[in-house]
Amino acid sequence: MNINLKYIPNVILPLLFAAFCLVSLPAFSQTGHNHDHSGHNHNHDKGHQQQPARDKDTHPADHGDHGPCPHEEVGQFDAGATAFHHIADANVYSIGPLSIPLPCILYSKDDGVAMFSSGKLGIGHHQTGHKAYKGYVLYHGNIMRVNDNSFPKDLVEPVCFGYKMKKDAKGHDKKVPTAIYHGKTYDLDANSTFLGSLVGGGITSFHDFSITKNVMSMILMLLFCLWLFTAVARSYKRREGQAPSGLQSLIEPVFVFIQDEVAKPFLGPKWEKYLPFLMSLFFFILALNLFGQIPFFGGSNPTGNISVTFVLAIITFLVVSFSGNAHYWEHVFWMPGVPAWVKTILTPVEVMGLFIKPLTLMLRLFANITAGHIVISIFVSLIFIFGNDGATVYTGKALGASVASILLGLFMMAIELLVAFLQAFVFTILTASYIGAAVEEPHHH
Amino acid sequence: MFDMLFLAEFTVLRPNLGLIFWTTVIFLLFWGLMAKFAFGPIKDALKKRDGDIADALAEAQKAKEEMASLNAKNEALLAEAREERSKMMKEAKETKDQIIAEAKQKANEEAKRIVSNAKAEIDTQKTAALLEVKNQAGMMAITIAEKIIRKELKGNPEQESFANSLVDEMNLN
């Protein structure tokens, strides 16, 4: 049998697609099974929750992971909640069925710094723990703190979870999770949110400085890029004066593209000084974008998290501001060549522009990546929306929805792949243009 | 039911101080390490290679030009050599002609000289031969005269003794 090698990709790609479809159905079913918990519809009263008795009508997929806790009743499947949960950061790293605990570094005013592995809280079903340590619990992948000093600080179990209704600042009813330990219900705090009043959340009883899923992904990508690029740099040294080969051929076109199409046109003679920064932005964002798209690999989403894009935007802002020459600042604060009354309008606009530029950088990257992930998540959720509210997925409707979902998801993933490159490029080229404007020498007409 | 679960909150839009801290640390590390160990060296290597390629092209152009000028020089040399050769040939021919002419002249002269020598010899020989003939003829005349005289004198002793005395006188001389 003579198989022409060049046809192998043509064979492998459909095979991979078929394998993906085969694997997807049960895997997505599994996801749905997990998430039918996230869609709980608590139409029972609080007293009912606190009773350790199980509901009699538990669904067949119950594994009893909840131990002595009351089983959370299956409710309406909530695609939005599923999507939001999947793009969120977590203190647990899930790769397929594996749940890898991550180091937690927590600070509270009352108890100071606490460092331990999230595995200590017992990672159970749906990334929810059943133990408490130093007043911290693991709930849906996130560390939360029991905001009650009477709660034991030692490692205790079992801890169960419920919720209670609470009025928020606007007077809306809001569900807040509670921990139940030895029949007593405790309030739970989520971690503090920076600039809380703007976007919800706020300063709570503790700060989370943990190596979370996103931090872990960034560390992994840092190490990966270091390995990849130092290998390439070594090849350049070893194969000096020769044509590129192997990894060099992979990196060089991209590198030269950013260098020649982004750095040189915008920065002119100063391109060499800013090249490492632009390259770092591009490859950091690109690596994280692509890493976040690997299915069943933790679903890390750093570039779709405002904290990460915030840092990138702030650093860009600082680089631009510190690079700005007198010419640049003059144009911001006192635009030459326009009447004084125009300056009173222009100056505020220009000063706002200083901050709006990094703000748009931050939001653009965040929104693009988050939107892509949410859409894929929603497409997958179609299976459970069509499949009897997520209770059983092996129905005709669910099967049909699975096929549609896979096709739509595949399409969306292709788009996301494009977006991964595009957004890394857009962030970099805009940064280059901002730096270029800041370092531009005055032209004498 | 549109009850939102607790986790349905859009947490990715909430900046977290811990994540901000770690992102700052990791990105600055990324920037610093990659600039030092990857982007810097790669940029330098690419720049050097670009320079090398430009140099190589310039050198090739230069070599081409040099080659062309060398060719022209060779051509000139060849032409010169050809000219030299034809000149030499011409000279050689001239020399040859001259030598031949000289040789001819010499030969002519020699021939003339030989001829003149031969003439002189012939003259000498002729003179000698004539002399010989004259001598012979003298001798024969003398002999004939002697015989005539002897016959004349036979009957005349006086005459005979006079002749003898003449002969004796001659012999004595």
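So the sequences go chain by chain: A and B.
According to our numbering, the first sequence is numbered sequentially starting from 1.
According to our numbering, the second sequence is numbered sequentially starting from 1001.
The beta-carbon is built from N, C-alpha and C at its ideal position, and this holds for glycine as well.
- Inclusion of A:L98 and A:S118 in the CB contact set at 7 Å is not warranted, their separation being larger than that value.
- Note on A:K184: under 16 other CB atoms within 10 angstroms of its CB, so exposed under the neighbour-count rule.
- Per DSSP, A:H172 is not a residue of any beta strand (DSSP E), being assigned neither H nor E.
- Put simply, the CB of A:A233 is near chain B, with a gap under 7 Å to one of its CB atoms.
- Residues of chain B whose Cβ lies closer than 8 Å to the Cβ of A:H207 are, in chain order, L1017 and G1018.
- The Cβ neighbour count for A:H86, taken over all protein chains shown within 10 Å, is at least 16; the residue is labelled buried.
- Out of A:H126, A:V176 and A:L407, the CA that lies nearest to the CA of A:V146 is found in A:V176.
- When secondary structure is reduced to three states using DSSP, A:G400 falls in the helix class.
- Contact residues of the segment 73-95 of chain A toward chain B are G75, Q76, D78, G80, A81, F84, H85, I87, A88 and D89 (C-beta to C-beta distance below 8 Å).
- Judged by beta-carbon spacing, A:F427 lies beyond the 7 Å limit of A:L363, meaning their Cβ atoms are not closer than that value.
- Counting C-beta pairs with one atom in each stretch, the segment 368-387 of chain A and the segment 334-351 of chain A have fewer than three that are closer than 8 Å, which means they do not touch.
- The Cβ atoms of A:S377 and B:M1034 lie no closer than 7 Å to each other.
- For A:N142, the enclosing beta strand (DSSP E) covers residues N142 to V146.
- The Cβ of B:V1025 sits no closer than 7 Å to any Cβ of chain A.
- Counting only unbroken stretches of 4 or more residues, no alpha helix (DSSP H) element lies wholly within the segment 83-144 of chain A.
- With a beta-carbon spacing of about 16 Å, A:V156 and A:I123 fall beyond the 8 Å limit used to define contacts.
- Look at A:F284 here: in three-state DSSP terms it is helix.
- Counting along the chain, the unbroken beta strand (DSSP E) around A:K184 starts and ends at K184 to D189.
- Neighbours of A:E272 in chain B, taken as residues whose beta carbon is under 9 Å from its own, are K1043 and K1047 in chain order.
- Scanning A:F255, A:Q242 and A:S94 for the CA closest to the CA of B:I1053 turns up A:Q242.
- Rounded to whole angstroms, B:T1023 and A:A287 show a C-alpha spacing of 14 Å.
- Burial check for B:R1150: the Cβ neighbour count within 10 Å stays below 16, so the residue is exposed.
- Excluding the 5 residues flanking it on each side, A:D189 has same chain C-beta neighbours closer than 7 Å at M144, R145, N147, T204, S205 and F206, in chain order.
- Taking 7 Å as the CB threshold, B:D1050 stays off the interface with chain A.
- The straight-line gap separating the alpha-carbon atoms of A:I100 and A:L312 is approximately 28 Å.
- With fewer than 16 other beta carbons inside 10 angstroms of its own, A:G268 counts as exposed.
- Unbroken beta strand (DSSP E) stretches of 3 residues or longer found wholly inside the segment 326-368 of chain A: none.
- From the listed residues A:L354, A:L106 and A:K237, the smallest Cα separation to B:G1018 is found for A:L106.
- When secondary structure is reduced to three states using DSSP, A:T178 falls in the strand class.
- Cα atoms of A:Q293 and A:G409: separation of roughly 12 Å, rounded to the nearest angstrom.
- Interface flag for B:A1060 against chain A is unset, since no Cβ pair is found closer than 7 Å.
- For the pair A:E441 and A:S235, the Cα-to-Cα distance works out to about 37 Å.
- At the C-beta level, A:L422 and A:S405 stay beyond 7 Å of one another.
- A Cβ-Cβ contact shorter than 7 Å links A:L290 with A:A420.
- A distance below 7 Å separates the beta carbons of A:P302 and A:M218.
- Residue environment for A:H172: exposed (fewer than 16 other C-beta atoms within 10 angstroms of its C-beta).
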